[in-house]
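To start, the structure under review is shown below, and the notes come after it.
Number of protein chains: 2
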Amino acid sequence: MNSNRVGKQSVIFHTAPRILTSAAIAGDMEGEGPIGTYFDMILEDDTWGEDSWEKAERKMYIETVKIACDKAKCDYRKLDCLLGGDLLNQIISANFAARDLGTPYLGLYGACSTMSESLLCCAMLTDGGYLTQSACIAGSHFSTAERQFRFPLELGSQNTATAQRTVTGTGCAIVVSGDNEQKSSEQNSRIYNTVHIVGGTIGKVVDMGITDSNNMGAAMAPAAVSTFTGLLADFNKTADDFDLIVTGDLGRLGGTLFCDMCAELGVDVRNKYLDCGNIVFAESQKVDCGGSGCGCSAVTLCGYLLKRMEEGDFKNAVFMATGALLSPTSTFQGESIPGIAHAIILERR
Amino acid sequence: MNSNRVGKQSVIFHTAPRILTSAAIAGDMEGEGPIGTYFDMILEDDTWGEDSWEKAERKMYIETVKIACDKAKCDYRKLDCLLGGDLLNQIISANFAARDLGTPYLGLYGACSTMSESLLCCAMLTDGGYLTQSACIAGSHFSTAERQFRFPLELGSQNTATAQRTVTGTGCAIVVSGDNEQKSSEQNSRIYNTVHIVGGTIGKVVDMGITDSNNMGAAMAPAAVSTFTGLLADFNKTADDFDLIVTGDLGRLGGTLFCDMCAELGVDVRNKYLDCGNIVFAESQKVDCGGSGCGCSAVTLCGYLLKRMEEGDFKNAVFMATGALLSPTSTFQGESIPGIAHAIILERR
């Protein structure tokens with residue numbers, strides 16, 4: 002048996018599965034943000050003509066998969082598998098999308114870490130020869146998340162200074178075997194010729210005792226540190242070996258904590274670090290500490306970063322979506338907030 | 002690259018990962034049922050000394066993993082990965098258990114299909130060389146599920162005739178590489194020498210329009226039929242090729258529907274079919290249509306079936322836990338109930 006395990010919690014992909022295409026749909030506020038022009042579609046109305054936000058979120062899932070498949074010129078009904086999840090109770094957005102798409106389906110729950118959990122699982126299953134062409138999906142919706150996790154929007158409650166805004170958006174990446182030969186010679190083709198997943202690190206749940214569910218960035222930062230330092234140790238690398246280190250939705254406070262905690266461990270990430278929560282919205286957009294939600298890292302990766310990578314702006318990157326594994330029930334019962342981060346290593350080949 | 006894909010939605014494991022040990026903890030009513038003597042521990046008090054049922058459920062997760070690891074003489078802190086989920090919003094039982102156990106963790110959501118989803122994913126990742134020794138876990142708790150999905154228990158509401166009782170119980174299986182040489186010569190050893198996972202089928206979400214959340218068996222039966230007939234087609238097998246065909250928690254009505262729907266497709270499963278929901282409780286136990294919940298198939302597989310297989314009572318089996326992918330929100334919004342079933346093929350070697 003071929004061992005693809007590296008160190009204590011990492012894996013290496015000798016066949017380097019490729020991200021063939023990706024797509025992102027986002028809400029209007031995200032569309033007005035710094036990377037808004039990169040998205041495939043911007044919603045003008047956050048119900049998208051449906052009679053509930055939950056149904057709109059589901060429609061975003063379905064349409065994002067279809068757009069990504071259209072770019073790859075593949076029939077979504079012929080996908081080997083859909084891997085994904087969302088923030089709603091019992092991940093109904095992903096479940097109902099999988100029903101309507103009709104593909105084999107593996108439902109995941111990693112809270113806001115879902116985009117990297119799905120890519121990591123999919124890359125392992127593709128590298129291992131169990132899947133050949135699959136879709137990874139994650140997303141969130143501001144209005145469904147607010148009423149499930151915080152307060153009814155109608156209440157007009159005020160945010161705390163450390164709060165982050167849940168991104169309305171879904172991102173989907175089509176992952177194919179490394180030996181898939183579908184390439185494009187057109188410059189503005191919607192097919193990536195060069196973006197491969199070469200390894201990854203399975204996250205551990207880390208809980209430093211933060212109990213404020215309006216301070217998720219601080220709750221999740223230690224998990225990102227744990228995964229990133231675990232990755233460096235397992236692959237015997239330093240931060241200098243990567244052009245870009247990306248976290249999912251730590252936001253302004255959490256991102257600073259991530260850099261500081263890394264620095265305390267002798268790992269300097271400051272000149273190559275980016276948090277999706279800090280670039281999906283501009284500071285002027287009144288989003289307190291930045292963006293959050295499954296959709297935050299999903300639209301940033303699938304809308305913006307992969308395209309930047311294909312264009313040659315960076316050679317490799319560590320992408321770590323970060324998740325806070327609480328529920329309203331666990332918070333009501335006095336529990337602190339556990340965090341997790343899964344990492345994939347992207348490489349331009 | 003080695004292809005491990007078979008047909009449209011199935012996978013084959015050339016290295017045949019082994020289930021090394023398993024463990025099950027169950028509630029008192031489950032302990033009084035037909036397979037109660039097989040469980041490793043029966044709870045006398047369904048709070049297990051904790052101050053909430055949710056915390057008791059979490060404790061069951063943690064202790065079940067520890068018992069399974071003890072049997073395998075492995076340190077749970079050295080597991081490559083914990084794969085699992087539960088029914089609670091944001092799968093907090095699995096999340097917090099993963100925090101306390103400290104292992105790398107992949108959170109899954111497949112509702113009551115979680116036991117086979119985790120075993121299927123783990124078998125793929127183990128066969129592929131990404132994991133060498135991991136724990137798969139699923140479980141549920143009657144009292145946490147009732148108050149989240151139905152009514153507060155204090156209300157004393159009556160069940161409908163098609164309702165099933167959520168099993169209080171957790172099951173954990175330790176999966177190791179097929180070439181793992183740890184065997185035991187003692188007859189009553191708690192290590193299985195012979196139980197391998199040789200293949201599996203990734204389920205599709207199937208929805209036949211059932212909207213009664215007190216009739217989950219009927220909602221899930223079509224998904225089990227879809228997966229089972231998909232498996233037979235992909236592997237070019239007939240029902241006669243298997244000694245035992247197991248579904249997760251279709252219950253009395255759903256189980257009958259499964260057999261009838263298979264028969265309509267020319268597949269006769271009747272003399273070798275078993276539903277975990279029908280054997281975890283006796284008919285005399287006033288559980289209406291039988292058991293349900295993630296824990297139903299988890300304790301039946303991990304407590305009873307694997308031991309029966311190790312003892313030579315059957316040579317191979319298809320195990321399909323079945324999940325209803327609804328949420329209270331989707332029901333309130335008038336949606337029908339989508340179902341899913343993932344299958345693994347167990348073989349005595």
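Quick mapping for you: the protein sequence lines, in order, are chains P and D.
Residue numbering for the first sequence follows our numbering, beginning at 2 and increasing consecutively.
Residue numbering for the second sequence follows our numbering, beginning at 2 and increasing consecutively.
We put the beta carbon where it would ideally sit given N, CA and C, even for glycine.
Please read these numbers as outputs of a predicted model, since none were measured by experiment.
Checklist entry - Counting along the chain, where does the beta strand (DSSP E) carrying Met321/P start and finish? => result 317-325 is the span of the beta strand (DSSP E), which, as asked, contains Met321/P.
Item to check | Cα-Cα separation between Met2/D and Ile203/D, rounded to whole angstroms | outcome: The predicted model places Met2/D with a pLDDT of 48, which falls under 50 and marks its position as unreliable; any figure quoted below should be read in that light. Near 21 Å, if we compare the C-alpha coordinates of Ile203/D and Met2/D.
Item to check | Nearest-angstrom Cα separation, counted from Gln286/D out to Thr167/P | outcome: Taking the straight line joining both Cα atoms gives about 46 Å.
Item to check | Extent of the continuous alpha helix (DSSP H) to which Ser298/P belongs | outcome: According to the DSSP assignment, Ser298/P belongs to the alpha helix (DSSP H) that extends over 295-300.
Checklist entry - What are the partner residues of Pro105/D, as DSSP defines its beta bridges? => result Paired residue(s): Lys205/P.
Next on the checklist: Output needed for Trp49/P: all residues of its chain with C-beta closer than 6 Å, excluding positions within five of it in sequence on either side, in chain order.
Outcome noted: Cβ neighbours of Trp49/P beyond the five flanking positions: Ala57, Lys60.
Item to check | Close Cβ partners of Asn279/P (< 7 Å) along its chain, the five nearest in sequence each way excluded | outcome: Around Asn279/P: Gly252, Arg253, Gly256, Gly291.
Checklist entry - Taking only runs of the beta strand (DSSP E) that begin and end inside the stretch 242-318 of chain P, which ones reach a length of at least 3 residues, in chain order? => result Inside the stretch 242-318 of chain P, DSSP marks whole beta strand (DSSP E) runs of 3 or more residues at positions 245-248, 274-276, from first to last along the chain.
Checklist entry - Buried or exposed: which applies to Ser158/P, given that a residue is buried once 16 or more other Cβ atoms fall within 10 Å of its Cβ? => result By the neighbour-count definition (other C-beta atoms within 10 Å, threshold 16), Ser158/P is an exposed residue.
Checklist entry - Shortest alpha-carbon distance to Asp289/P belongs to which of Gln165/P, Ala95/P, Glu336/P? => result Selected option, being the one with the closest Cα: Gln165/P.
Checklist entry - Looking only at its own chain, which residues have a Cβ that is under 6 Å from the Cβ of Ile421/P, when we skip the five neighbours before and after it? => result For residue 421/P there is no data in the structure shown, the boundaries of chain P being 2 and 350.
Checklist entry - Is there contact between the stretch 235-252 of chain P and the stretch 99-111 of chain P, where contact requires at least three CB pairs shorter than 8 Å? => result Look at the beta carbons and you see the stretch 235-252 of chain P not touching the stretch 99-111 of chain P: under three pairs across the two are nearer than 8 Å.
Checklist entry - Which partner residues of Gln134/D appear in the DSSP bridge assignment? => result Per DSSP, the beta bridge partners of Gln134/D are Val177/D.
Item to check | Neighbouring residues, chain D, relative to Val281/P (Cβ below 9 Å) | outcome: What Val281/P touches in chain D: nothing, since even the nearest Cβ is about 23 Å away.
Checklist entry - Between the stretch 82-92 of chain P and the stretch 107-119 of chain P, do at least 3 Cβ pairs fall closer than 8 Å? => result Touching, yes, given that three or more Cβ pairs across the two stretches are closer than 8 Å.
Item to check | Contact set between Gly108/P and chain D, taken where Cβ atoms lie within less than 7 Å | outcome: By Cβ distance, chain D contributes Leu109, Tyr110, Gly111.
Item to check | Against chain D: residues of the stretch 127-143 of chain P by CB proximity under 8 Å | outcome: Going along the stretch 127-143 of chain P in chain order, one finds Asp128, Gly129, Gly130, Tyr131, Leu132, Thr133 with a Cβ nearer than 8 Å to chain D.
Checklist entry - Since Ile211/P and Phe14/P are thought to touch, with beta carbons under 8 Å apart, how far apart are those beta carbons, to the nearest angstrom? => result That pair is no contact at about 34 Å.
Item to check | Endpoints, alpha helix (DSSP H) assigned at Val66/P | outcome: Bounds of the alpha helix (DSSP H) holding Val66/P are 54-72.
Checklist entry - Candidates Leu232/D, Pro35/D, Gly179/D, Gly28/D: which alpha carbon is nearest Thr65/D's? => result Comparing Cα-Cα distances from Thr65/D to each of Leu232/D, Pro35/D, Gly179/D, Gly28/D, the minimum goes to Gly28/D.
Next on the checklist: Quick check on Gly204/D - is its C-beta less than 9 Å from some C-beta in chain P?
Outcome noted: Among the CB atoms of chain P, one or more fall inside 9 Å of the CB of Gly204/D.
Checklist entry - What is the DSSP secondary structure of Ser144/D, reduced to helix, strand or coil? => result Under the three-state reduction of DSSP, Ser144/D is assigned to helix.
Next on the checklist: Distance cutoff 9 Å, beta carbons only. Does Leu154/D sit that close to anything in chain P?
Outcome noted: Cβ-Cβ to chain P under 9 Å: no for Leu154/D.
Next on the checklist: Can you look up Ile92/D in the DSSP assignment and give me helix, strand or coil?
Outcome noted: Judged by DSSP in its simplified three-state form, Ile92/D adopts helix.
Item to check | Proximity winner among Met217/P, Asn216/P, Cys277/P, Met221/P, relative to Ile246/P (alpha-carbon distances) | outcome: In this structure, Cys277/P is the residue among Met217/P, Asn216/P, Cys277/P, Met221/P with its C-alpha nearest to the C-alpha of Ile246/P.
Checklist entry - If you drop the 5 nearest sequence neighbours on each side, which residues of the same chain put their C-beta closer than 6 Å to that of Asp208/D? => result For Asp208/D, where only same-chain residues beyond five positions count, the Cβ hits under 6 Å are Ser337, Pro339.
Item to check | Alpha-carbon spacing of Gly129/D relative to Leu154/D, whole angstroms | outcome: When rounded, the distance between both Cα atoms is 45 Å.
Checklist entry - Quick one, which residues of the stretch 214-228 of chain D are near chain P if we go by CB-CB under 7 Å, in chain order? => result Within the stretch 214-228 of chain D, no residue qualifies.
Checklist entry - Under 8 Å from any heavy atom of the ligand NAP, does the C-beta of Lys56/P make it? => result Inclusion of the ligand NAP in the displayed structure is not the case, the ligand content being empty and no account of it being possible.
Checklist entry - For Met2/P, which three-state DSSP category applies? => result Low per-residue confidence applies at Met2/P: pLDDT is 48, beneath 50, and the placement is therefore not dependable, though the value from the model is reported in the following sentence. Of the three classes helix, strand and coil, the one that applies to Met2/P here is coil, per DSSP.
Next on the checklist: Starting from Glu118/D, trace the beta strand (DSSP E) in both directions and tell me its first and last residue.
Outcome noted: Residue range 115-128 is occupied by the alpha helix (DSSP H) that includes Glu118/D, with no beta strand (DSSP E) assigned at that position.
Item to check | Sequence-distant residues of its chain with Cβ nearer than 6 Å to Lys316/P (five each side left out) | outcome: Asp244, Arg349, listed in sequence order.
Next on the checklist: Within 10 Å of its beta-carbon, does Asp41/D have 16 or more other beta-carbons around it, so buried, or fewer, so exposed?
Outcome noted: Its Cβ being crowded by 16 or more others within 10 Å, Asp41/D is buried.
Checklist entry - Listing by chain order, which chain D residues have their CB less than 7 Å from the CB of Leu233/P? => result Within 7 Å Cβ-Cβ: nothing; Leu233/P doesn't reach chain D, min ~16 Å.
Item to check | Where the alpha helix (DSSP H) through Leu233/P begins and ends | outcome: Membership of Leu233/P in the alpha helix (DSSP H) is indicated by the continuous run 217-236.
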